[in-house]
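Protein chains in written order, with my numbering: chain A, 1 to 197; chain B, 198 to 617.
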């Protein structure tokens, strides 16, 4: 069951749009004709408090209603969470790690986790910075989904873009999509430096 | 039309397609997104000929629905948890008067201690209030049950509560088929009340009834619920004809044909149980599930037929009657009463106040039922260490303090508060 399902856990702080991020990811999978289930960790969504949101993507109906205990991908919206919560709990050996930060993975002191994952499965992206540049607000969720598409290839970037534009209409949708494109390209450059250069 | 949509908003769209004429609601988590969604549909002009009435409390919300229904309007409201308790007197009035109101219950625990998360305590508190109670397994069924609920309520002239797991369903965004207006209109005829307050033909509803007639009124309410046992499968079949999918019914069986062990449950937990059953089936364990959709009326005969071949039955439920045990288990026991060679019944309580119910825990529970069955009520994933220490310290000290705060302090000290 789980092997045919891709499970994403988003860690953030209240106000960063973790829940909306999970929902947009589910819409991106939906526009590709797939099944997806997005849900919040429920309840503790106060500004600044650690929050978790989940998204499952599968080719068939998703019946499972437990929280995601063994994610295939972790999206960390705020690197200060590493000191506060057990972000890496249950991360699958072949999984992916996407961190919103201006620092390097080494500077975040999470090399042990990175070493456990396959080469190229851990990336950073300055998503807040990209959001400030394009959207004008420190909301990294849309940019992180662009980076997610580049990192995992689980959903196509065009689907992410459609999901963002469907969630936010007009200018806000366009600027969030622009942030997502920047983040997508940022990760592609890390993954395939030769080609982009 | 397929949409990737939050459960609450999908329900709001389905309720709007049922053409309610009066909606009155008071917000309470986790039901709020449903009535907010309906308010939005009215504001956008997508739901017309409907009066949305903001009220000052849940008691007022259902009282307004009662008045509207008695005046011949199709009336809807929604609530959860303490909200349902605050409207309790009106809950009994709606059924006692035989008014076909439909109410969504976004299932949530009841305090104290205050808790906003999901369990079935609220539905269980009103299980004997005379309403029909239908439990949704997923958001597609939550959508579909509302459409069936109006049909059922109005045919019987009895109120129906659609129970939907708070957060787990109300706040989950998933792929849901939203019906179109023509389908709903073909299924649900306009409301034709059996009693209506009309100035042109004055009458009263809600007279005082003494010992000479009270028993007969209650008998007829019970009789109507027994009629529902016949109507619910019929309406499910008609629904399948028009909408092209099976939703609702009294109960559903999953992989029970040759099952030695049958699990009985209600609501969103059934999806996780089905995945667990598939995994155990792969290991050669003959296990199946019966999902109860209609809790009131309780389908005693259908359940007896579904369970009679099993050796063991595990009832797992999100509520506990303190001092007695599981209410669903108690009801299932009635269906097995007088059955020759009845299966052994094992009762488990899980998911209280939003505690996640995981496959590993279900695996352990179902295996234990087969190899080392327990007596009484089993509390799934109970932190025995914390409970043991609290019992010990209350024995040692008279002024032992408040239980909830003591448990929280213990958890904080041991650093075992969940990472979330």
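Glycine included, each C-beta is placed from N, C-alpha and C at the ideal position.
Here the structure is a predicted model, which is why all the values come from computation and not from measurement.
Does residue 7 of chain A have its Cβ less than 8 Å from a Cβ in chain B? Here the question's residue 7 of chain A lines up with position 7 in the first chain. Not closer than 8 Å to any Cβ of chain B, the Cβ of residue 7 of chain A fails to qualify, so no.
Which residue from B:370, B:414, B:435 puts its Cα closest to that of residue 384 of chain B? Here residue 384 of chain B refers to the residue found at position 187 when the second chain is read from its first residue. Of B:370, B:414, B:435, the residue nearest in Cα terms is B:435.
Pick out the complete alpha helix (DSSP H) segments inside the segment 251–322 of chain B, 4 residues or longer, and give them in chain order. 255–267, 278–283, 285–293, 318–322
Please return the same chain residues whose Cβ sits closer than 8 Å to the Cβ of residue 194 of chain A, not counting the five positions on each side in sequence. Counted from its first residue, the first chain places residue 194 of chain A at position 194. Residue confidence is low: residue 194 of chain A scores 47 on pLDDT, short of 50, so the model does not pin down where it sits. No coordinate-derived value is stated.
Chain B contact for residue 39 of chain A (CB, 8 Å cutoff): Numbered from 1 along the first chain, position 39 holds the residue referred to as residue 39 of chain A. At least one chain B Cβ lies under 8 Å of residue 39 of chain A.
With which residues is residue 472 of chain B paired in a DSSP beta bridge? The residue given as residue 472 of chain B occupies position 275 in the second chain. Bridge partners of residue 472 of chain B: none, in fact.
Any chain A beta carbon closer than 8 Å to residue 453 of chain B: Against the second chain, residue 453 of chain B aligns to sequence position 256. With 8 Å as the cut-off, residue 453 of chain B does not count as an interface residue toward chain A.
Excluding the five sequence neighbours on either side, which residues of its own chain have a C-beta within less than 6 Å of the C-beta of residue 226 of chain B, listed in chain order? Position 29 of the second chain, counted from the first residue, corresponds to residue 226 of chain B. Result list for residue 226 of chain B: 313, in chain order.
So for residue 494 of chain B, helix, strand or coil by DSSP? As a position in the second chain, residue 494 of chain B is number 297, starting the count at 1. Here residue 494 of chain B sits in coil by DSSP.
Give me the chain B residues within the contact set of residue 66 of chain A, using Cβ-Cβ distance strictly less than 7 Å, ordered along the chain. As a first step, residue 66 of chain A is located in the first chain; it is residue number 66 there, counting from the start. Contact note: residue 66 of chain A reaches chain B through 469, 553, 554, 555, 556, using a C-beta cutoff of 7 Å and chain order.
Thinking C-beta only, is residue 71 of chain A closer than 8 Å to residue 98 of chain A? In the first chain, the residue the question calls residue 98 of chain A occupies position 98. In the first chain, the residue the question calls residue 71 of chain A occupies position 71. No. Outside cutoff.
Measuring only between beta-carbons, confirm whether residue 35 of chain A sits less than 8 Å from chain B. Translated into the one-based positions of the first chain, residue 35 of chain A becomes position 35. It does; some Cβ of chain B falls within 8 Å.
Which residues share a DSSP beta bridge with residue 14 of chain A? Stepping through the first chain from its first residue, residue 14 of chain A is reached at position 14. Its beta-bridge partners are A:47.
Pick from A:163, A:146, A:154: whose alpha carbon is nearest that of residue 130 of chain A? As a first step, residue 130 of chain A is located in the first chain; it is residue number 130 there, counting from the start. Comparing Cα positions, the closest option is A:146.
Once DSSP output is grouped into helix, strand and coil, what is the label at residue 56 of chain A? The sequence position of residue 56 of chain A within the first chain is 56, counting from 1. In the structure shown, residue 56 of chain A sits in a strand (DSSP, three-state: E or B).
Does the Cβ of residue 590 of chain B have 16 or more other Cβ atoms within 10 Å, making it buried, or fewer, making it exposed? Taking the second chain and counting its residues from 1, one reaches residue 590 of chain B at position 393. Flag for residue 590 of chain B reads exposed.
Counterpart residues of residue 37 of chain A in DSSP-defined beta bridges: Residue 37 of chain A sits at position 37 when you count from the first residue of the first chain. The beta-bridge partner set that DSSP reports for residue 37 of chain A consists of A:56, B:371.
Suppose the cutoff is 6 Å on Cβ atoms and the five residues either side in sequence are ignored; what does the same chain contact list for residue 221 of chain B look like? Taking the second chain and counting its residues from 1, the one referred to as residue 221 of chain B is at position 24. If we look at residue 221 of chain B and ignore the five residues flanking it on each side, its Cβ neighbours are 250, 252, 258, 261, 262, 274.
Between which two residues does the alpha helix (DSSP H) holding residue 589 of chain B run? One-based indexing of the second chain puts residue 589 of chain B at position 392. Element bounds for residue 589 of chain B: 581–593.
Near residue 239 of chain B, which residues of its chain fall below 7 Å by C-beta distance, leaving aside the five closest residues on each side in sequence? Here residue 239 of chain B refers to the residue found at position 42 when the second chain is read from its first residue. Once the five neighbours on either side are set aside, the close Cβ partners of residue 239 of chain B are 247, 249.
Inspect the beta-carbon positions of residue 300 of chain B and residue 356 of chain B and report whether they are closer than 8 Å. Numbered from 1 along the second chain, position 103 holds the residue referred to as residue 300 of chain B. Numbered from 1 along the second chain, position 159 holds the residue referred to as residue 356 of chain B. It is a contact, given that the beta carbons lie within the stated cut-off.
N-terminal and C-terminal residue of the beta strand (DSSP E) that residue 327 of chain B is part of: For the purposes of this step, residue 327 of chain B is taken as residue 130 along the second chain, with counting starting at 1. Segment: none, residue 327 of chain B is in no beta strand (DSSP E) and carries neither H nor E.
Straight-line CA distance for residue 469 of chain B to residue 365 of chain B? Residue mapping note: residue 469 of chain B aligns to position 272 of the second chain, counting from 1. Residue mapping note: residue 365 of chain B aligns to position 168 of the second chain, counting from 1. Those two C-alpha atoms are separated by around 12 Å.
Counting along the chain, where does the alpha helix (DSSP H) carrying residue 176 of chain A start and finish? Here residue 176 of chain A refers to the residue found at position 176 of the first chain. That run of the alpha helix (DSSP H) goes 170–191.
Through-space distance from residue 441 of chain B to residue 464 of chain B, alpha-carbon basis: Numbered from its first residue, the second chain carries residue 464 of chain B at position 267. Numbered from its first residue, the second chain carries residue 441 of chain B at position 244. Distance between the alpha carbons of residue 464 of chain B and residue 441 of chain B: 22 Å.
Determine whether the Cβ of residue 201 of chain B lies closer than 8 Å to any Cβ atom of chain A. Taking the first residue of the second chain as position 1, residue 201 of chain B is located at position 4. With 8 Å as the cut-off, residue 201 of chain B counts as an interface residue toward chain A.
Taking the C-alpha atoms as reference points, what is the distance between residue 395 of chain B and residue 219 of chain B? The residue given as residue 395 of chain B occupies position 198 in the second chain. The residue given as residue 219 of chain B occupies position 22 in the second chain. Straight-line Cα distance between these residues: approximately 17 Å.
Straight-line Cα distance separating residue 163 of chain A from residue 197 of chain A: Position 197 of the first chain, counted from the first residue, corresponds to residue 197 of chain A. Position 163 of the first chain, counted from the first residue, corresponds to residue 163 of chain A. Unreliable positioning characterises residue 197 of chain A in this predicted model, as indicated by a pLDDT of 39, which lies under 50. The coordinate reading is nonetheless provided below. C-alpha separation (whole angstroms): 29 Å.
Residue-chain proximity (residue 165 of chain A, chain B), Cβ-Cβ < 8 Å: By 1-based counting over the first chain, the position of residue 165 of chain A is 165. Not an interface residue.
Starting from residue 574 of chain B, follow the beta strand (DSSP E) in both directions and report where the run begins and ends. Residue 574 of chain B sits at position 377 when you count from the first residue of the second chain. 574–576 is the extent of the beta strand (DSSP E) around residue 574 of chain B.
What would DSSP say about residue 542 of chain B, mapped onto helix, strand or coil? On the second chain, residue 542 of chain B is found 345 positions in, with the first residue counted as 1. Correct three-state label for residue 542 of chain B: strand.
Can you find a CB in chain A that lies within less than 8 Å of the CB of residue 369 of chain B? Residue numbering aside, residue 369 of chain B sits at position 172 when the second chain is read from its first letter. The C-beta of residue 369 of chain B comes closer than 8 Å to at least one C-beta of chain A.
I need the straight-line Cα distance from residue 189 of chain B to residue 518 of chain B, nearest angstrom please. No statement about residue 189 of chain B is possible, as the shown extent of chain B runs from 198 to 617 and does not include it.
Considering only heavy atoms of the ligand PLP, does any lie closer than 7 Å to the CB of residue 80 of chain A? Ligands are entirely absent from the displayed structure, and the ligand PLP is therefore not among its contents.
Less than 8 Å separating the beta-carbons of residue 531 of chain B and residue 567 of chain B? If you number the second chain from 1, residue 531 of chain B lands on position 334. If you number the second chain from 1, residue 567 of chain B lands on position 370. A distance of 8 Å or more separates the beta carbons of residue 531 of chain B and residue 567 of chain B.
Evaluate the contact criterion for the segment 403–418 of chain B versus the segment 366–375 of chain B: three or more CB pairs, one atom per stretch, below 8 Å. no
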